[in-house]
Amino acid sequence: MRWTKQVLMRANALVRKSAFSNRTFIRLLFGVEPLASATVQSYCEWSTILQRFILGRHMPRGARVLDLGAGAHAMLAIHVKKRFPDAVVLATDIVPERIEYAMRTVDRNGADVRCLVADVFERVAGRFDLILFDPPAIPTEDLASLGFEPKACEGLGERRCWSGDGGDDGLNVIRHFLAGAGERLTDRGRAIMCVNPLHCGRERLSALCHGAGLEVCRVHSLPGIVNAYVLANASGRLRRRPWLARISHR
Ligand SMILES: C[S@@+](CC[C@H](N)C(=O)[O-])C[C@H]1O[C@@H](n2cnc3c(N)ncnc32)[C@H](O)[C@@H]1O
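Plus 13 on top of the position in the sequence shown (first one is 1) and you've got my numbering.
Right, dumping it as structure tokens:
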């Protein structure tokens, strides 16, 4: 891994450790009362903060919302339910302990958010108007050079970091997500997927989305830190607006 990338990743870890593990910061930003925990490293990510500020622009009334990979604190899911009480919110994560913890935080906040252990869309029923996902996207080798040891999760195997490890090229979970996302979006549905540009640039990401039948409608950016890709089902949009298909063939 290049040294600049390593320095940026270490600086990022420092910020996350100070601000993002501060409960007052979390209360003010998300309106969520987090549980105190000895094992907590941070309550949120840069991507969580970016999504918190942009999701209002992509949230229709009475939306069905999926916070995929909600993490141990389900910060976004709880925030969405408090801010948009008519939304129906489901929070999922592949790691069972994270969902157990998230359920306790949901209870503590009195939020009506359903929590489910799920690998991407497995065991998740129905379609959604908004899907939020900050997938693991760091190549395994990069994590190894940062000193992350393989960590086992019962029944799931090993990853060097369950929040960050995206496999050999860092894109395994992203590919898995994109392959199923189209079928899980309603006609008006959008998915917001956050990716650090250090791990995957815009062009590569757009090509992956295109290959999965999705189009990138918009990109919100915290420059150099994280890009939030707003995705829609390309076929759905083309069905509703046939003139778009004519333009795209020119
Ligand atoms: C970068 S963290 C983001 C956590 C949270 N959304 C936030 O904003 O703080 C990624 C999360 O995705 C979860 N995850 C990883 N692989 C997954 C998969 N295949 N299916 C569902 N969740 C997954 C991880 O356990 C982790 O909690």
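Ideal placement from N, C-alpha and C gives every residue a C-beta, glycine not left out.
Scanning R217, A204, P210, G214 for the CA closest to the CA of C230 turns up A204. In this structure, DSSP gives F146 an extended state, which the three-state scheme calls strand. Within its own chain, the residues whose Cβ lies closer than 8 Å to the Cβ of Q19, once the five positions on either side in sequence are excluded, are S158, L159, listed in chain order.
Separation of V239 and R140 (C-alpha to C-alpha, rounded to the nearest whole angstrom) is 26 Å. Scanning the segment 143–193 from its first residue to its last, the whole beta strand (DSSP E) runs of 3-plus residues come out as 164–166, 170–172. Beta-bridge partners assigned by DSSP to A245: E228. Under DSSP, C128 takes part in a beta bridge, and its partners are A104. With respect to the 9 Å criterion, A87 and T118 are classified as neighbours on the basis of their beta carbons. Taking each of Q54, L129, Y114, M72 in turn and checking the Cα distance to A100, the smallest one comes out for M72. Take Q54, set aside five residues on each side of it, and the residues of its chain with a beta-carbon closer than 8 Å to its own are R29, K30, S34, in chain order. Taking R65 as the centre and dropping the five residues before and after it, the same chain places the C-beta of L42, F43, L89, H92 closer than 7 Å to its C-beta, in chain order. L81 and E113 have their C-alpha atoms roughly 15 Å apart. Going by DSSP, R77 is part of the beta strand (DSSP E) stretching over 77–81. For R201, the uninterrupted beta strand (DSSP E) run begins and ends at 198–208, by DSSP. One Cα belongs to A83, the other to V102, and the distance between them is close to 11 Å. Taking the Cα of L184 as reference, the smallest distance to any Cα among R197, E162, T153, L169 is reached at T153. For L48, the secondary structure class from DSSP, reduced to helix, strand or coil, is coil. Shown here, H223 sits in a helix according to DSSP, grouped into three states. Around the CB of R172, 16 or more other CB atoms lie within 10 Å, so the residue is classed as buried.
Apart from the 5 residues on each side of it in sequence, S234 sits with its Cβ closer than 6 Å to the Cβ of N240 in its chain, given in chain order. Rounded to the nearest whole angstrom, the C-alpha separation of L129 and R111 is 10 Å. For A26, the closest alpha carbon among the candidates G177, I67, G202, G193 is that of G177.
Contact annotation, C222 with Y242: C-beta distance approximately 7 Å; criterion of less than 8 Å satisfied.
Remark: C-beta atoms of V208 and D142 do not approach each other more closely than 9 Å.
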